[in-house]
Amino acid sequence: MSRLTSTLASLALGALTTSLLPAAVAAGGAEAPPPTTIRLERLERGADAAAAYVDGDRVVDGARSTRVRGQQLRLLGTRPDGRYVVVVHRGGRAQVRAVTPEKGSRKILPVYEQETAMLSGDGTRVVTALYRYSAGRTLLRAYDSTSGVRTGSVERRGYESVLDADATTVVHSGDRGPVVAWDPATGTSRRVSARAGYAADLAADRLAVLTGDPYEGGCSVVSTLSDPGTALWRSCEEGVVEFSPDGSHVATIHLLTDGLGPSEVAVHTVAGAETGRYRLRSGYFPRAFFEDADTLLLDTSTAKASAVVRCDGPRCELASDLGAGETW
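According to mature numbering (1 follows the signal peptide of the UniProt record, and there is no 0), the residues represented by the sequence shown are -26 to -1, 1 to 302, in order.
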């Protein structure tokens, strides 16, 4: 895997034409709010997170908590019928399963070693990507998220990442480009951008690409999927990890973040204005996701405790009870 591929993978865990403004200055020259340092033990308890999340071996969704048997539980999303779609290891093998809230689960399909899986934004499709090192090619496969029936497959040269999908389209990109929109039903594909894409949201009409290797001066450019040639925001320091549901805001981390995960996450408008920046002195954020258009939820882990934290502007509060800490 190339260094650029590694960067793209980490970011998949950012009509300006200048480089990113310093963190203390928002777009347009306005002062950005000072960074908020999160100390879990000092935060007040707010309302439960409105979005489902994983807590150990459970999927927590508001007042509901559903245990899923197995190890390394990961939530992919929710189907239109309300069932959670997860990846979990059982008997040493990973599988995608549909979980009925507060009940049991059913296997949808197996996930092979080195294969990644994601759920489409509308919850109707599971898409997997399997990179074959010996052949230097990636096999992409699309499945119905209810029946597990394969609806299409395509093989591409090099390492490909799935950026997003819906009922009709899968957006994927090679580690050096291009970004491609693939229709599994017809087998047809069209080029969206010649650059290397690392994040996309079909419902919000958003795309994030890299102009080159960030270790060699490459920058992140955010645009619409429908008009990728027109930049909404350009940053040479931060990359996008999540788009808000309406596409108005982005959660970002440093472009060269690696290891367990970031210890700092920022929120910007899609035009680049910083609206919040959140730091941990000791610990990391395994996941950042939006609760609404501009409210961020941070899966937060330290040596002493873990929790989901809700942040809006400079204010943060607990959106879950405190859990056990993590050693690393």
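Don't be surprised by glycine CBs; every beta carbon is placed ideally from N, CA and C. This one's a predicted model, so the numbers in the text were calculated from it and none came from an experiment.
For residue 167, the enclosing beta strand (DSSP E) covers residues 162 to 167. In the structure shown, residue 14 falls within a helical segment according to DSSP collapsed to helix, strand and coil. Rounded to the nearest angstrom, the gap between the Cα atoms of residue 281 and residue 162 is 43 Å. Each of 189, 255, 219 was checked against the Cα of residue 25, and the nearest Cα belongs to 219. Annotation note: the stretch 38 to 87 contains the following uninterrupted beta strand (DSSP E) runs of length 3 or greater, listed N- to C-terminal: 38 to 41, 45 to 52, 58 to 64, 67 to 73, 79 to 85. Apart from the 5 residues on each side of it in sequence, residue 85 sits with its Cβ closer than 7 Å to the Cβ of 61, 68, 69, 70, 91, 102 in its chain, given in chain order. Around the beta carbon of residue 37, a 10 Å sphere encloses fewer than 16 other beta carbons of the protein chains shown; the residue is thus reported as exposed. CA-to-CA, the gap between residue 45 and residue 203 works out to about 43 Å. The alpha carbon of residue 96 has as its nearest neighbour, out of 56, 22, 23, the alpha carbon of 56.
The residues 28, 31, 60, 62, in chain order, have a CB closer than 7 Å to that of residue 47 in the same chain once the five nearest residues on each side in sequence are set aside. In this structure residue 262 touches residue 272 by the C-beta definition: roughly 5 Å separates them, less than 8 Å.
For the stretch 163 to 222, the continuous beta strand (DSSP E) assignments of 3+ residues that do not extend past its boundaries occur at 170 to 175, 180 to 184, 194 to 197, 205 to 209, 212 to 217, in sequence order. With 16 or more other Cβ atoms from the protein chains shown falling within 10 Å of its own Cβ, residue 34 counts as buried. When 58, 238, 213 are compared, the shortest CA-CA separation from residue 72 is found for 58. Put simply, of 141, 301, 170 the residue whose alpha carbon is nearest the alpha carbon of residue 159 is 141. In the DSSP assignment, residue 142 is bridged to no other residue.
Counted as a single uninterrupted DSSP element, the beta strand (DSSP E) harbouring residue 274 occupies residues 270 to 275. Rounded to whole angstroms, the gap between the alpha carbons of residue 12 and residue 253 is 6 Å. Here the C-alpha atom of residue 208 lies approximately 23 Å from the C-alpha atom of residue 286. Distance between residue 229 and residue 82, taken at the CA atoms: about 35 Å.
Minimum Cα-Cα distance from residue 176 among the listed residues 184, 155, 193 corresponds to 155. Taking residue 79 as the centre and dropping the five residues before and after it, the same chain places the C-beta of 42, 71, 72, 73 closer than 7 Å to its C-beta, in chain order. The straight-line gap separating the alpha-carbon atoms of residue 110 and residue 19 is approximately 49 Å.
Using a Cβ distance threshold of 8 Å, residue 87 and residue 112 do not count as a contacting pair. As the crow flies, the alpha-carbon of residue 16 is around 49 Å from that of residue 125. Taking a C-beta distance under 8 Å as the contact criterion, residue 275 and residue 260 qualify as a contact pair.
Distance from the CA atom of residue 54 to the CA atom of residue 120, rounded to whole angstroms, is 10 Å. Annotation: the continuous beta strand (DSSP E) that includes residue 90 extends over 89 to 93. For residue 197 against residue 184, the beta-carbon gap comes to about 12 Å, at or over 8 Å, which does not count as contact. In this model, residue 240 and residue 289 are separated by some 13 Å (Cα to Cα). The Cβ atoms of residue 89 and residue 40 lie no closer than 8 Å to each other. DSSP places residue 279 inside the beta strand (DSSP E), whose first and last residues are 279 to 286. Of the residues assessed, residue 212 falls on the buried side of the cut-off, its CB having 16 or more other CB atoms within 10 angstroms. Taking the Cα of residue 269 as reference, the smallest distance to any Cα among 255, 251, 257 is reached at 251.
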